[in-house]
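Visitor:
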Amino acid sequence: MNGWMLLWKAVFILGVALFAGMSVWVTIGGFGDIKRLFARLEAAHGTKPEDE
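First residue of the sequence shown: 33, per the working numbering; consecutive thereafter.
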């Protein structure tokens, strides 16, 4: 019985660690995508907000 508890504890900890790592990865990538989106929108619009 103790072996099964150890196995499932390891599976749970691994799953939580993978979730945390992927959350950080996706968040950083998302910020980069949003930054690139606004840069492209600014280039397509042709003006900067302080010019208006």
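Even glycine gets a Cβ: it sits at the ideal position worked out from N, Cα and C.
Is M37 helix, strand or coil by DSSP?
Guide: Here M37 sits in helix by DSSP.
Visitor: Please state the DSSP three-state secondary structure of G62.
Guide: Assignment of G62 by DSSP, reduced to helix, strand and coil, places it in the helix class.
Visitor: With DSSP as the reference, label G53 as helix, strand or coil.
Guide: helix
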